[in-house]
Amino acid sequence: MDLQKTTHVVLLSSPGIGHLIPIIELGKRFHIHHNFKVTILVITSQTSQAESQILKSAANPSLYTIIQIPSSNISSAAAVSTRIRLTMRHSVPSIKSALINLPLRPSAFIVDIFGTESLILAKELNIPKFIYVASHAWYLSLFVYSPVLDKQIEGQYIDQKEPLKIPGCKSVRPEDLVDSMLDRNNLQYKEYLITANNLCKSNAILVNTWNELQHRELKALNGELSDVVKT
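Residue numbers for the sequence shown follow the UniProt record's numbering, beginning at 1 and rising by one.
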């Protein structure tokens, strides 16, 4: 293998099988369809037997290299999404160490939705940086536009009488919002907003959908919402 010409993609997975499996599958596709060298950094929960089993069964050196990074202990009193975001924040120094010590310089660094605070590492190391949204384009549209809604709307979203408007997309009823938006006074919402504001710090966002399925949302993300992403 000519290391000078090898494209080396580094993927970062936050704790939990719902984040780990999509990252592993993305890594497989990069190698099988593009012949990229793939390294997967996994922030492990240390307590999930299911996660440990998946890591064990997914081991496949011919497709990718998996590097496990033990997570810090975070108070279990917080909401699950908040614990994951705090865990990823505390793991930034360990992630930086892993990136620096890789034998082959990364050509790209791709994080999942909870790993956006690690994008600063790619900037420091001059590595192209991307976010992978394993959900769908409508969710990404809402996520991207959340900081704007936060400035436009007073009070709780759930108390609004009219659906919330997202440019280029179908409006969303207050009761259909994601859990993280239901209580604006909660730490969960504050952490959600931090992540939403971090979306613009990547070179691009990869989303798990296709044009025929979500043409309207993808058109909005590339059009009316593109300025929000680039802000």
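Idealized CB from N, CA, C, for every residue including glycine.
Remember, predicted model here, so these are calculated numbers, not experimental data.
The alpha-carbon of Q68 is positioned some 35 Å away from that of E217. If you look at T195, you'll find it in the alpha helix (DSSP H) that goes L187 to N198. The residues S141, P167, G168 and C169, in chain order, have a CB closer than 7 Å to that of A220 in the same chain once the five nearest residues on each side in sequence are set aside. Scanning the segment 108-141 from its first residue to its last, the whole alpha helix (DSSP H) runs of 4-plus residues come out as 119-124.
Annotated as proximal: S45 and G16, with beta-carbon spacing under 8 Å. With a 10 Å radius around the Cβ and a threshold of 16 neighbouring Cβ atoms, P106 comes out buried. K37 places its beta carbon less than 8 Å from that of T6. Excluding residues up to 5 positions away in sequence, I74 lie with their Cβ nearer than 6 Å to the Cβ of L86 in the same chain. For I67, the enclosing beta strand (DSSP E) begins and ends at T65 to P70.
Bounds of the alpha helix (DSSP H) holding L99 are V92 to I100. With contacts defined by Cβ atoms closer than 8 Å, I54 and I32 do not form a contacting pair. Taking a contact to require three or more Cβ pairs closer than 8 Å, the segment 208-217 and the segment 131-139 qualify as touching. Y157 places its beta carbon 8 Å or farther from that of L125. If you draw a straight line from the Cα of N203 to the Cα of P163, it comes to about 31 Å. Ranked by Cα distance from Q214, the options W138, F143 and K201 are led by W138. In this chain, the alpha helix (DSSP H) harbouring I17 covers I17 to H34.
By the beta-carbon neighbour count (other beta carbons within 10 angstroms, threshold 16), L121 is buried. T44 sits in a strand when the DSSP states are folded into three classes. Comparing alpha-carbon positions, the option among L63, K56 and I43 lying closest to L26 turns out to be L63. Restricting attention to I127, I95 and S180, the CA atom closest to the CA of V80 is found in S180. DSSP lists V10 and T65 as the bridge partner or partners of T39.
Exposed is the label assigned to R173, since fewer than 16 other Cβ atoms lie within 10 Å of its Cβ.
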